[in-house]
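Shown next, in structure tokens, is the structure this report addresses.
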Amino acid sequence: MMKLKGIKGFLLISITLSITLIGVGCASKSVTTSDNSKSVKATPVSISSITTTTKYGSELTASSETVVTSKIAGRVDGVNANVGQSVKKGDILFTLDKLELTAQYNGAKAALDTANATLVKSSDSGYAQQLISANSAADIARSAYNDAKNNYNTIHQQYNIGDSAKSELDSAKSKMDSASLQVSTASDSLSLLKSKTGPQTDAAAAGQVQQAKASLDLAQIQINNATITSPINGVISERNVEVGEVVASSVSVFTIIDTSSLRAEVNMTDKDVIKVKVNQKIPVQISSMNNKIVEGIVDTISPSADAKTQLYTVKLKIENTSNLLKPGMILRVEFPSVAKADIPVVPNGAIFTENSVQYVYIVEANKLKKKQVVVGISNTEQTEIVSGIKLGDQVITEGQSFLNDGQKVKILSK
Numbered sequence: 001m002m003k004l005k006g007i008k009g010f011l012l013i014s015i016t017l018s019i020t021l022i023g024v025g026c027a028s029k030s031v032t033t034s035d036n037s038k039s040v041k042a043t044p045v046s047i048s049s050i051t052t053t054t055k056y057g058s059e060l061t062a063s064s065e066t067v068v069t070s071k072i073a074g075r076v077d078g079v080n081a082n083v084g085q086s087v088k089k090g091d092i093l094f095t096l097d098k099l100e101l102t103a104q105y106n107g108a109k110a111a112l113d114t115a116n117a118t119l120v121k122s123s124d125s126g127y128a129q130q131l132i133s134a135n136s137a138a139d140i141a142r143s144a145y146n147d148a149k150n151n152y153n154t155i156h157q158q159y160n161i162g163d164s165a166k167s168e169l170d171s172a173k174s175k176m177d178s179a180s181l182q183v184s185t186a187s188d189s190l191s192l193l194k195s196k197t198g199p200q201t202d203a204a205a206a207g208q209v210q211q212a213k214a215s216l217d218l219a220q221i222q223i224n225n226a227t228i229t230s231p232i233n234g235v236i237s238e239r240n241v242e243v244g245e246v247v248a249s250s251v252s253v254f255t256i257i258d259t260s261s262l263r264a265e266v267n268m269t270d271k272d273v274i275k276v277k278v279n280q281k282i283p284v285q286i287s288s289m290n291n292k293i294v295e296g297i298v299d300t301i302s303p304s305a306d307a308k309t310q311l312y313t314v315k316l317k318i319e320n321t322s323n324l325l326k327p328g329m330i331l332r333v334e335f336p337s338v339a340k341a342d343i344p345v346v347p348n349g350a351i352f353t354e355n356s357v358q359y360v361y362i363v364e365a366n367k368l369k370k371k372q373v374v375v376g377i378s379n380t381e382q383t384e385i386v387s388g389i390k391l392g393d394q395v396i397t398e399g400q401s402f403l404n405d406g407q408k409v410k411i412l413s414k
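Those letters in the sequence shown? Residues 1 to 414, by the UniProt record's numbering.
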């Protein structure tokens, strides 16, 4: 029992000593001067602006998410992308075996060749070939005439200066006239051929050609579909395929997210949502990045409240220029709530509460005076003063602990 009493005594001494030290620490904020006044720090009531905020929690999501599927079924023979990899639009993600598709293409091409041959055979008297030949003959005749004309002009110039004989000029003129006649003959033949009613092409043969061409085009499309590319710029977030597997059409194989900009969604009350505007810039605090503040822009505001929650959905866009933001990160969005300009304010630390009433200490005639105040809005630093003190009053911000109303004080210079 004696030992226990000793312990209790020791504890009592320790507690008393701790309380004494705490009291000394608190009292150290005010200093007694030689004239028995207490030194305090004060600041005048000033004019400022305060904006209060309402905070909402949310999380980052990708601006878009695209599911990649194969348009055709097939066996995978190559995979070129993995989870976390950045891809650009058009990058190859995976490929399917093309052996059967190539065989189908070759068969369709052979069918088209056969259909074209049948169409040529069914044409009356080779009219199409005749037309081609007549056009060619007319082109050749015009080319020969142009050459002959250029040659005649050259020799004519030489003849004028005495460098060519008259016989050479006559020969060149004769060749030009002959070439001109050939042009007329070829043109007349072409015109006559065109003026004739062309032979009727076998409709069935022409239809077979069109059908064969459509089959060839489809076979080429199927080959193209065997190479699956990224439809957007983004990052692979999910992969569900391995080489050798058979994939079905329209089944999710890759998921790609666009993280160049991110989204955040909050559900707001009617009182708060009316203060928010589209394209308004809003500070966004990222919890996992040491509460780093980034800029968000209001993208959309729901025009009606949710039927169950009676809240309005507001979506924000956040640019990911540094590429450090990730979908799923927790954040807080601070929407401006109330804004007042040109109002009297004091530092928050100057206000204290007794029995649910707010007070401040001011200095009048070097003496402490306790004043009841009515406060308005506040932020993390300042509080609006509605009444109780006036502009310019020196409000004590430090050193008021253990002071009494009417006590003599001295304001420390800053």
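Ideal placement from N, C-alpha and C gives every residue a C-beta, glycine not left out.
These figures come from a predicted structure and were not determined experimentally.
| Item | Value |
| --- | --- |
| V266 and V333 - do their beta-carbons sit closer together than 7 Å? | yes |
| Would you kindly report the start and end of the unbroken beta strand (DSSP E) that includes K55? | 46-59 |
| Under 6 Å from any heavy atom of the ligand PLP, does the C-beta of A186 make it? | What this structure holds is no ligand at all, so the ligand PLP is not there to describe. |
| Can you tell me whether DSSP reads A141 as helix, strand or coil? | helix |
| Whole angstroms is fine: what's the gap from N135's alpha carbon to D113's? | 25 Å |
| Hey, S261 and K315: beta-carbon distance below 7 Å or not? | no |
| Examine the Cβ distances between the region 155-171 and the region 204-219 and report whether three or more of them are shorter than 8 Å. | no |
| For a test of the three-state rule: what should DSSP assign to M176, helix, strand or coil? | helix |
| With D270 as the anchor, note down where its alpha helix (DSSP H) starts and where it stops. | 270-273 |
| Taking Q220 as the reference, give the member of I236, T102, I282 with the closest Cα. | T102 |
| Would you be able to state if there are at least three C-beta pairs under 8 Å between the region 133-153 and the region 186-194? | yes |
| Do you know offhand how far K89's Cα is from Q310's? | 40 Å |
| Would you mind working out which of T54, S46, A62, K173 sits nearest K326, comparing C-alpha positions? | A62 |
| Classify A204: buried if its beta carbon has 16 or more other beta carbons within 10 angstroms, exposed otherwise. | exposed |
| For Q285 and S46, I'd like the C-alpha separation in whole angstroms. | 30 Å |
| Do S249 and K71 come within 7 Å of each other at the CB atom, strictly closer than that value? | yes |
| Taking only the alpha-carbon atoms, compute the straight-line gap between V243 and V278 and give it to the nearest angstrom. | 47 Å |
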